[in-house]
Every structure is written in structure tokens, then in C-alpha cells.
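In this note's numbering, the protein residues as written are 110 to 538.
Scroll down for the structure; my scribbles are underneath it.
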Ligand code: SDX
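Next up, the structure:
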């Protein structure tokens, strides 16, 4: 017998069905509430208590620090899978067999080139253009080169082509946004390189010198991309879903997700963490002073990379990245003082009542920047790396929303403005 929720309004009792997920999560279904109660709605700024959909893609347990993609624990995927395998898993629902993986990989490899005309767009940007602004524009502009992608009712094969084009071209566009900012010549993708190798080649090779592929760097990048691949209904994913729910094309929906990810409270936090650590280092490294600032309500400073809407114990991704930090830096022979400051900051914060009371722990962004720095990714590219990792998750969530024929997203509101009043001519105001 499924559970029923009851509410009393104006002396009348209403019953609302309770739905239960495969991990025993429960939700009160209010989809009929407004009609049944004569206009009552619920309100929940930031949707802290509100589910927007039912999804079979990613499971998070914030209290126990659990993260699974299609049922597979993130720890196993990060250790054993490749990023393209995980992309296939998220988008199509199962790990690919060898034939499926070969076909998927070949399709991605064959679509890494970007239309030559797009190079002119890059040249119009100023040298210091933030690559997230460039990337969001370029991804939306891809739709103008593939006008057939605007047709919502195309079949599976056509949708898959757009999906493969996006996964293939995002690293190229990302690397070119970096080369453009450096005013360096663009490097073209190479079909003999794997996904991560190809990105590093396009980022760091020059026409006069090959990029020496370092397996430690490639492995670290593969792990980081997997850890960022999906995270259920976060801010940027919800943005992709709501834009896609209007039947805007997938390029436009992903471009909107890139824009939402840019914010320092979301994906932009990884850049903000390194800038914060450098600020603390330049200020003499007094970690206690900065933790006190983060607690001071009159001070706008927050400990970037700390806290999470869902994880109230620990972010399993942060645990994996923290372990990888020591390993990657040791193998690369990098001694980054920011790592020591980060560890001191974490120790002080985790022993502080303010952070403990609010369940504030390091999140995925706290340590990721230290590894990106170690593999020579420039700070302004950190959130671009997050976008490359999150792309398959955004696509999987968009695809699920479309295949489930979910309605256009259009929340209600409670109006708190002026009551009706008459127009007054300017002379009488
Ligand atoms: C990502 O949703 C996802 O899944 C996101 C993500 C993904 O994979 O998609 O995991 C990626 O975005 C990770 C988060 C990256 N952002 C940061 O590191 C920025 C710093 N963190 C915060 O701004 C904050 O913790 C959020 C935005 C992450 C979560 O904010 P919430 O859930 O809205 O919580 P809140 O702002 O209401 O904070 C609750 C309390 C407040 O204090 P009180 O009003 O109760 O006294 O905790 C305090 C906040 O002031 N607080 C912090 C803090 N984070 C929360 N105080 C100091 N430093 C912080 N970092």
C-alpha cells in the first residue's frame, strides 16, 4: 500500500500521493495540488526541498557520501573506466560492450574538427576574453552550422549525431579558446590520439613542437573528467533541462548549461578556490584569519570549495581527488604550496564548530584546481574543464527529459507587488 500525504487547508483535508524511488527516496506528488485546492501552490526558493523530475541516471546520497552513475559507484568508475565509456554509460544507460565502445569512439574521433568559418569568431574576441564566455557562444553557434539540429522531431540517429558532434567538438573549441587567449596558433585534433591525449595536444602542442604525452597527466585528466560527468539535478543541469523543455535545440541547451556552470557558487568555484588559496598565501598564509572571515556574517568572504547543497557529510569526489593530488604531484615532481595551504584550511575548518554545525565539507572543487595546475591547465580554464567533464551528464539528462516527453518548465509564483492602481499623467506624479 503506497503512502499518502494529508494536508488540511481551510478546514478541508486533501490527500496527496507519495512516490518512492528505487533507493527508497520519497516524494510528495503535488502535480494536482493547485487544481485540487482551488489555487494553492508550494514555494521553495532554490528548490532545496523540491524535486523537478524522476531520473534513472545518477543517484546521490548526501548523508552517506554516495555517488553512482547508472548504479555504478563513482569510486569504481574513476579507477577503472575511461571518460568515453562513462559518457556512453550516462547517455545510453549501460556500459558499452567492445563493439559499441569502438563504434562510439570512432564516431567521436571523426567529428572532432570544427567548421573552418568558426575560426573567424575566435579572432574577434579580445585577448583576455574568459574562455567560458567564448565556449558558451561557440557551442550555441554550432547550431547555425547544423540547421537540421533545430528540428526537434528528428529521429534517434539524427539526435545521436548531434550528441556525438558535441562530445567531439567541445574539447576542440575549449582548446582553441585557450590558444586564442594566448594568441597562439590553433592546433588541430589528431585521430591517432585518445580523447584526453587529443585535448592536451590541442592545448599545449605548437606547430613547431609536439606535445609529449605524459600518461600520468592523461590518467589524471581522465579521472577528473569522470568525477565531473554528472551530478543529478544541479544548477547547470536543471538549466539544460528547462531550456531543452521548450524544445530549443541541444546546442542551445548545452550553451545555457555552460553559462550556469560559470557562476562561482557552482562550477566557477574551482577557479575561485585557487584564487582564494593564492590570496591566503599572498596574505602570509594565516589560515585561521581566513576561516574567521568565512564565519563572519558581516564579511562577504566564503570558503570557496566548501559546502554543498546535497552532501552533508563528505563529497566522495573530493575524497578521490584529494588522494589523487598527492599521487599526481609526487609523480610529476610538483611541489605546490597551495596544496599545503588547502590541507591546513581543511583541517582548521573541519575542527571548527561553525563548519561542523552547518555540515560544510570540501566539495569537488576544493582540490581539483590543484591537479589542474599541476598538469599546466591555466586557472581561467578550470571551469571549462568542468564543462568538458559535465557535458555527457547534461546530454544524458536532456535526452531523458525529451524521451519522457516532459512538459515545458514553467514554475508559478506568489505575487507580492502593488495591487491594482490607475495610470496617473506625468504632470500629476
Ligand atoms: C558545485 O549541486 C551540485 O551538485 C553542484 C556540484 C555539481 O557537481 O554540479 O556539486 C558542483 O557547484 C559544488 C559547489 C561549489 N561552490 C562552492 O564551493 C562555493 C562555496 N559554497 C557555498 O556558496 C555553498 O556552500 C553552496 C552554494 C555550495 C551551497 O549553498 P546552500 O546549499 O544554498 O547553502 P547556504 O548558502 O544556505 O549555506 C548554509 C549555511 C549558511 O550559513 P547560515 O545562514 O546558516 O548561518 O552555511 C553557510 C551559509 O552562510 N555556508 C558557508 C559556506 N557555504 C555555506 N559559510 C562559509 N563558507 C562557505 N563555503
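Yeah, the Cβ is synthetic: ideal placement off N, Cα and C, and Gly gets one too.
Everything numeric in this text was worked out from a predicted model, so none of it was measured.
Enumerate in chain order the residues of its own chain whose CB-to-CB distance from residue i is below 8 Å, with the five nearest sequence positions on each side excluded.
i: residue 237; result: 290
i: residue 302; result: 310 and 322
i: residue 411; result: 403
i: residue 124; result: 113, 114 and 115
i: residue 273; result: 213, 216, 217 and 220
i: residue 367; result: 241, 244, 245, 248, 345 and 496
i: residue 429; result: 183, 184, 187, 332 and 336
i: residue 138; result: 125, 126, 127 and 128
i: residue 254; result: 224, 226 and 227
Can residue i be considered in contact with the ligand GDP, in the sense that its beta carbon sits closer than 7 Å to one or more heavy atoms?
i: residue 195; result: With respect to the ligand GDP, the structure offers nothing, as its ligand set consists of the ligand SDX.
Spatial neighbours of residue i within its chain, please: C-beta separation below 7 Å, excluding the five flanking residues on both sides.
i: residue 191; result: 331
i: residue 461; result: 400
i: residue 347; result: 161
i: residue 515; result: 162 and 354
i: residue 352; result: 361, 362 and 365
i: residue 87; result: No information on residue 87 is available, as it lies outside the stretch 110 to 538 that the chain covers here.
i: residue 239; result: 489
i: residue 523; result: 152
i: residue 426; result: 176, 183, 336 and 473
i: residue 441; result: 325 and 483
i: residue 312; result: 284 and 287
For residue i, write down the residues that DSSP places opposite it in a beta bridge.
i: residue 484; result: None, per the DSSP bridge assignment.
i: residue 114; result: 125
i: residue 136; result: 128
i: residue 178; result: 167 and 181
i: residue 471; result: 415
Is DSSP giving residue i helix, strand or coil here?
i: residue 315; result: strand
i: residue 236; result: coil
i: residue 327; result: helix
i: residue 533; result: coil
i: residue 290; result: helix
i: residue 200; result: helix
i: residue 295; result: coil
i: residue 281; result: helix
i: residue 223; result: coil
i: residue 439; result: helix
i: residue 273; result: helix
i: residue 496; result: helix
i: residue 525; result: coil
i: residue 463; result: helix
i: residue 302; result: coil
i: residue 257; result: helix
i: residue 190; result: coil
i: residue 338; result: coil
i: residue 321; result: coil
i: residue 515; result: coil
i: residue 343; result: coil
i: residue 501; result: helix
i: residue 307; result: helix
i: residue 446; result: helix
i: residue 242; result: helix
i: residue 350; result: helix
i: residue 120; result: coil
i: residue 264; result: coil
i: residue 250; result: helix
i: residue 355; result: coil
Could you name the residues of the same chain whose beta carbon sits closer than 6 Å to that of residue i, not counting the 5 residues immediately before and after it, in chain order?
i: residue 342; result: 161
i: residue 499; result: 337
i: residue 259; result: 358
i: residue 167; result: 178, 339 and 341
i: residue 316; result: 294
Return no unless some Cβ of chain D is closer than 8 Å to the Cβ of residue i.
i: residue 190; result: Considering every chain present, this structure includes no chain D. It has just one protein chain.
Could you give the uninterrupted runs of the alpha helix (DSSP H) lying entirely in the region 357-428, keeping only those of 4 residues or more? 359-370, 378-391 and 396-404
Alpha helix (DSSP H) segments (min. 4 residues) lying fully within the region 138-176: 142-146
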